[in-house]
Amino acid sequence: MNECIQVRAPGQGLQEITALIKDCVSRANLREGLCTVFLQHTSASLIIQENADPSACRDLESWLCRLVPESDPIYTHTHEGPDDMPSHIKAALTCSHLSIPIVSGRLGLGTWQGIFLWEHRHRGGNRSLLVHIGE
Amino acid sequence: MNECIQVRAPGQGLQEITALIKDCVSRANLREGLCTVFLQHTSASLIIQENADPSACRDLESWLCRLVPESDPIYTHTHEGPDDMPSHIKAALTCSHLSIPIVSGRLGLGTWQGIFLWEHRHRGGNRSLLVHIGE
Amino acid sequence: MNECIQVRAPGQGLQEITALIKDCVSRANLREGLCTVFLQHTSASLIIQENADPSACRDLESWLCRLVPESDPIYTHTHEGPDDMPSHIKAALTCSHLSIPIVSGRLGLGTWQGIFLWEHRHRGGNRSLLVHIGE
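Going down the list, the protein sequences come from chains G, Y and L.
Numbered per our numbering, the first sequence spans residues 1447 to 1581.
Numbered per our numbering, the second sequence spans residues 1447 to 1581.
Numbered per our numbering, the third sequence spans residues 1447 to 1581.
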């Protein structure tokens, strides 16, 4: 089963989407299986992180922005703006797909794990995700 | 088919778990399929690396600890200790799930590939992994 | 269904392999499913990146080579040459497997997404990929 879902990213940063993915799993109505989430963009990422304390996500964002700053003379791919190439690099260092087993009809996340869409562009926008659920 | 396995991580570093995953594949008794390993934690990683020479894993550990040091004034998420935020960042830069095809009843790893649990906390502990095997 | 495909990497850099993977998907003749590509090596990566403008891939390569330079006294695993350990680190920071949903018989890539083999060794060589296609 495949679903295409749209998420509106307001701008740079992590946004929890666990509830959206859980809804897809509920609709699939499968006891055991595998849920794969795939992001159809190269300037944002999907990530599983701690969802208990928002400071973990904020620090993650600060750290990666410092590692991949906008003003770097190494970039030649700059026609879409100063956040274009850093976004591709950040996406390359993280993931654009996640696969999570479904156990007893529920997503097999650990106690403190949440699924996040990590937007790397300033302006954000609509992001398309494909959710595949199989046995 | 899903299995939940527990691995005891003695502390920071890479620990090979290939044999454990091969055992799951044997029990599934499938000629062709896909094996997905998912880690239910956000301060450790799963990684496929060279298992012939242990110096490759040690260098990997040293390099990442230098890139993501504990004493960094950028961190605000520090209440669980100085290795807390570095662990989340290291997990974000690596993977928490792996998918490996099953070919002729065996895990399709290359000659020098091993599967490792990469613990990022000093104290380690029990880590839960879900292993999904599907067609 | 599994296929093993060989790709000749001429040396360091990104090489688009989207057409090869699309061919596998066509042969599988499945309306809905999941395509997983797995690389059987630890000194190269698989990555989804922008395939419209080659400067994005070149900048990605330059940036990662600067982050993980060859002449680093931290390396002890050096007997296969100065590009050996950097290759393992680069592979650890990126991915060795990709999972992409199949929608209406086609790979569910976004408009600007391409699949690339990212070779990290200077000399390159033949690289083996397993492509699994399941429901």
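Ideal placement from N, C-alpha and C gives every residue a C-beta, glycine not left out.
Treat the numbers as computed from the prediction; the structure is a model and nothing was measured.
- Residues of chain G whose Cβ lies closer than 7 Å to the Cβ of Q1559/L are, in chain order, Q1486, T1488.
- The criterion of a C-beta distance shorter than 8 Å is satisfied by L1506/G and A1538/Y.
- For P1456/G, the closest C-alpha among the options G1580/G, N1572/G, L1576/G is that of N1572/G.
- Secondary structure note for C1481/L: its beta strand (DSSP E) is the uninterrupted segment 1479-1485.
- E1496/L is the residue among E1496/L, I1535/L, S1491/L, I1463/L whose C-alpha sits nearest the C-alpha of T1557/L.
- The alpha-carbon separation between I1520/G and L1513/Y amounts to approximately 20 Å.
- Residue-level contact by beta carbon holds for R1512/G and chain Y, with a gap shorter than 8 Å.
- Restricting attention to H1578/G, S1545/G, V1453/G, I1467/G, the CA atom closest to the CA of S1550/L is found in H1578/G.
- Among the CB atoms of chain L, none fall inside 8 Å of the CB of A1455/G.
- CA-to-CA, the gap between E1516/Y and S1472/L works out to about 49 Å.
- Only exposed fits H1568/L, as fewer than 16 other CB atoms lie within 10 angstroms of its CB.
- Interface annotation, S1574/G: in contact with chain L, CB-CB separation under 8 Å.
- A Cβ-Cβ contact shorter than 8 Å links I1561/L with L1544/L.
- Under the criterion of beta carbons closer than 8 Å, C1541/L and S1491/L qualify as touching, at roughly 6 Å.
- 8 Å or more divides the Cβ of I1463/G from the Cβ of L1553/G.
- Secondary structure note for C1470/G: its alpha helix (DSSP H) is the uninterrupted segment 1464-1474.
- Against Q1495/L, the close residues of chain G are T1488, H1534, A1538, in the order they occur along the chain (beta-carbon pairs closer than 7 Å).
- Among the CB atoms of chain L, none fall inside 8 Å of the CB of N1475/G.
- In this structure, the straight-line span from the alpha carbon of P1528/L to that of C1481/L is close to 35 Å.
- Residue contact check for I1546/Y against chain L: a CB pair falls below 8 Å.
- The residue from P1547/G, I1546/G, N1448/G with its alpha-carbon nearest to that of G1479/L is N1448/G.
- Chain L places no beta carbon closer than 8 Å to that of C1470/G, leaving this residue out of the contacts.
- For L1506/G, at least one C-beta of chain Y is nearer than 8 Å to its own C-beta.
- Not a single CB atom of chain Y sits nearer than 8 Å to the CB of A1465/G.
- Residue contact check for C1541/Y against chain G: a CB pair falls below 8 Å.
- Counting along the chain, the unbroken beta strand (DSSP E) around C1450/G starts and ends at 1448-1455.
- Sequence-distant Cβ neighbours of S1501/G in its own chain, meaning closer than 6 Å and more than five residues away, do not exist here.
- It is roughly 16 Å from the alpha-carbon of N1475/Y to the alpha-carbon of A1465/Y.
- Counted as a single uninterrupted DSSP element, the stretch harbouring I1535/L is not any beta strand (DSSP E) but the alpha helix (DSSP H) occupying residues 1530-1539.
- Under the Cβ criterion of 8 Å, H1568/L is not counted among the residues facing chain Y.
- Within chain G, the residues G1479, L1480, G1580, E1581 have their CB atoms less than 8 Å from the CB of G1580/Y, given in chain order.
- A1498/L sits in coil when the DSSP states are folded into three classes, being neither helix nor strand.
- Residue contact check for S1517/Y against chain L: no CB pair falls below 8 Å.
- The closest CA to that of H1534/L, considering only E1565/Y, E1581/Y, D1499/Y, is found on D1499/Y.
- DSSP places G1571/L inside the beta strand (DSSP E), whose first and last residues are 1571-1580.
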